[in-house]
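Residue numbers (the working numbering), protein chains in the order written: chain A, 1 to 280; chain B, 1001 to 1288.
Each residue gets a CB set at the ideal place from its N, CA and C atoms; glycine is no exception.
Computed from a predicted structure; not experimentally measured.
Next up, the structure:
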């Protein structure tokens, strides 16, 4: 970790993660308790409780429309902007309540980054996609920002591809590159948790594989939650897996546990039917 | 199914009918436009000369040019734009970016703008006279005229600007939200650049609407054809000049047509300039 990055980290009120192997002894970092989400008349999620461990990759799987994305968007309060969305229950990040009033949304969204299904670079240059959020969040030193830019682009494996054209529009990148740029943009703000909302479903298989490998590299340093409807992907990348299912008009958690257990020895009949490809 | 059959099926009888109908409609639209411009050219071009654009009118406009009228027009438009663009843009940004959609404030402002948009311009002229000229003591002046016009084109400008702001994709807004960018950073650096072409077009259309206005200006900026010395002097705009020449001045037809030609040229350039600017901005702005 460079000197400059240490200064950047000094801006943080939270403690960044040391590189360890926390999955041996999972410690809950993100605690969702009795979460119920309603959109006007329909209930998207009903009484969902999950304890997401620190430094691990947790996959949320389930058929379409089972509230996977809703669950993800509640965690960094993107649901606030949705009219008529009613969120009840509790989400705790490192023990602190995320829902409710008085939460600093700006700080929360820095700590909890979100990667969308479709790559959505800002309509700016490649470099500005990373630099603008940095400036906006108070990283005042020009050199400091430049070094963060280089570090995060290296981290997502984009540096060698774009170093020569940092000022080109981000829209000129391929879909997979754009998605990696979005991840780099998120990493630049030094998040603790990164939420991926089906990050590969709009990409071709090769680009998807690169993203997948990237997610695996994020393990241990970030707490990763990934929504996917690709069971094979969940099996490849996730340490833990949660299965959501729509029952009687609302979704709820069917089973949560180590990915290996979910896929090899599920305790619920529905889970075994789903991972066995019989239903869903 | 063979390839040939697929091709044949693409031009059915109904397709031909629809195509013919759209061509007819196009012609029907272009004929009146051609007639108007042709008429103006035939009757006005003879009186038109570089001198006509700078000279002062004499003999009630039968002779001389439209220099002071052109100046007054530019000043009135300038006042109008100086008020409409900042206020209208702020309103559009407020309605679209800050206020809760469908909330009380948004609905109230929308209704107010709709009422304003539906007000006949002659009524706005009377309001402008009573409010700006009398109550605020501006007198019949270029300032009062420009402000009245501002009231008139504000709804159009706000509506068009809102449309331009809405061209910013939701994806991009979500990205700005998820990165927790400050609102004004997102607006200044992302929303406005993306919406810029539409905002330029909105300005052009609002200006065109203002240029063509006569009724609201009769009472407020007057029809004195002297060169205005300040914004508090009255001044005659092009449209009022045409109205006066053709209604009140026997033998004023030639200059009236020439003035109309100038007005049409101005209108075309005003609606064309934004397109030009769009061409330029495309070079340095980034595609979404």
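What residues of chain B sit near residue i, judged by a beta carbon separation below 8 angstroms?
{"i": "residue 81/A", "result": "1177"}
Can you list the residues of chain B that residue i reaches, using a CB-CB cut of under 9 angstroms?
{"i": "residue 305/A", "result": "This structure cannot settle anything about residue 305/A, because the visible part of chain A is limited to 1 through 280."}
{"i": "residue 185/A", "result": "1175, 1179"}
{"i": "residue 136/A", "result": "1179, 1180, 1181, 1182, 1185, 1186, 1189"}
Identify the residues that DSSP records as bridge partners of residue i: which are they?
{"i": "residue 1064/B", "result": "1057/B"}
{"i": "residue 196/A", "result": "115/A, 226/A"}
{"i": "residue 50/A", "result": "32/A"}
{"i": "residue 214/A", "result": "In the DSSP output, where bridge partners are listed per residue, residue 214/A has none listed."}
{"i": "residue 255/A", "result": "243/A"}
{"i": "residue 97/A", "result": "92/A"}
{"i": "residue 191/A", "result": "Note: residue 191/A sits in no beta bridge, so no partner."}
{"i": "residue 125/A", "result": "169/A"}
{"i": "residue 60/A", "result": "227/A, 242/A"}
{"i": "residue 281/A", "result": "Nothing can be reported for residue 281/A, as the shown portion of chain A is limited to 1 through 280."}
{"i": "residue 85/A", "result": "39/A"}
{"i": "residue 45/A", "result": "37/A, 251/A"}
Can the beta-carbon of residue i be found less than 8 angstroms from the beta-carbon of residue j?
{"i": "residue 238/A", "j": "residue 57/A", "result": "yes"}
{"i": "residue 254/A", "j": "residue 243/A", "result": "yes"}
{"i": "residue 1095/B", "j": "residue 1109/B", "result": "yes"}
{"i": "residue 209/A", "j": "residue 229/A", "result": "no"}
{"i": "residue 1260/B", "j": "residue 1044/B", "result": "yes"}
{"i": "residue 55/A", "j": "residue 220/A", "result": "yes"}
{"i": "residue 181/A", "j": "residue 112/A", "result": "no"}
{"i": "residue 1209/B", "j": "residue 1156/B", "result": "yes"}
{"i": "residue 1099/B", "j": "residue 1158/B", "result": "no"}
{"i": "residue 1164/B", "j": "residue 1206/B", "result": "no"}
{"i": "residue 224/A", "j": "residue 60/A", "result": "no"}
{"i": "residue 267/A", "j": "residue 273/A", "result": "no"}
{"i": "residue 1253/B", "j": "residue 1223/B", "result": "no"}
{"i": "residue 1014/B", "j": "residue 1092/B", "result": "no"}
{"i": "residue 1066/B", "j": "residue 1053/B", "result": "yes"}
{"i": "residue 45/A", "j": "residue 62/A", "result": "no"}
{"i": "residue 93/A", "j": "residue 30/A", "result": "yes"}
{"i": "residue 1135/B", "j": "residue 1083/B", "result": "no"}
{"i": "residue 1225/B", "j": "residue 1068/B", "result": "yes"}
{"i": "residue 41/A", "j": "residue 1174/B", "result": "no"}
{"i": "residue 125/A", "j": "residue 170/A", "result": "yes"}
Residues of chain A with CB closer than 8 angstroms to the CB of residue i, please, in chain order.
{"i": "residue 1174/B", "result": "78, 116, 120"}
{"i": "residue 1193/B", "result": "123"}
{"i": "residue 1171/B", "result": "116, 118, 120"}
List the residues of chain A that residue i touches, going by C-beta distances under 9 angstroms, in chain order.
{"i": "residue 1187/B", "result": "Near residue 1187/B there are no residues of chain A at all, since even the closest Cβ is about 12 angstroms away, more than 9 angstroms."}
{"i": "residue 1155/B", "result": "Result: empty, since nearest Cβ-Cβ is about 25 angstroms, beyond 9 angstroms."}
{"i": "residue 1101/B", "result": "83"}
Mind listing the chain B neighbours of residue i? Cutoff is C-beta to C-beta under 7 angstroms, in chain order.
{"i": "residue 133/A", "result": "1179, 1181"}
{"i": "residue 105/A", "result": "1180"}
Under 7 angstroms Cβ-Cβ, which residues of chain A neighbour residue i?
{"i": "residue 1190/B", "result": "122, 123"}
Would you say residue i reaches chain C, if we count a Cβ-Cβ gap shorter than 8 angstroms as a contact?
{"i": "residue 1136/B", "result": "The structure shown contains no chain C; the protein chains it does contain are A and B."}
Task: 3-residue-minimum beta strand (DSSP E) runs that sit fully inside the stretch 1230–1286 of chain B, ordered along the chain - done: none
- [ ] Tell me, please, whether the stretch 185–195 of chain A touches the stretch 133–152 of chain A by the rule of three or more beta-carbon pairs shorter than 8 angstroms.
- [x] yes
Task: the stretch 68–80 of chain A / the stretch 158–166 of chain A touching (three or more Cβ pairs under 8 angstroms) - done: no
- [ ] Could you tell me which uninterrupted alpha helix (DSSP H) segments, each at least 4 residues in length, are contained entirely in the stretch 1106–1151 of chain B, listed from first to last along the chain?
- [x] 1121–1128
Task: the stretch 1253–1270 of chain B contacting the stretch 1064–1074 of chain B, beta-carbon criterion three pairs below 8 angstroms - done: yes
TODO: Determine, using beta-carbon pairs with one atom in the stretch 1204–1224 of chain B and one in the stretch 1186–1193 of chain B, whether at least three such pairs fall under 8 angstroms.
DONE: no
Task: alpha helix (DSSP H) runs wholly inside the stretch 1159–1192 of chain B, at least 4 long, in chain order - done: 1170–1178
Task: Cβ contact (3+ pairs, closer than 8 angstroms) linking the stretch 1178–1186 of chain B and the stretch 93–113 of chain A - done: yes
Task: Meets three-Cβ-pair contact criterion under 8 angstroms: the stretch 1162–1172 of chain B and the stretch 1121–1139 of chain B - done: no
TODO: Specify whether the stretch 1032–1042 of chain B and the stretch 1242–1249 of chain B touch according to this definition: at least 3 beta carbon pairs, one from each stretch, less than 8 angstroms apart.
DONE: no
Open item on the list: Using 8 angstroms as the cut-off, can you tell me whether the stretch 199–207 of chain A makes contact with the stretch 28–42 of chain A, which would need three or more C-beta pairs spanning the two stretches below that distance?
Closed with: no
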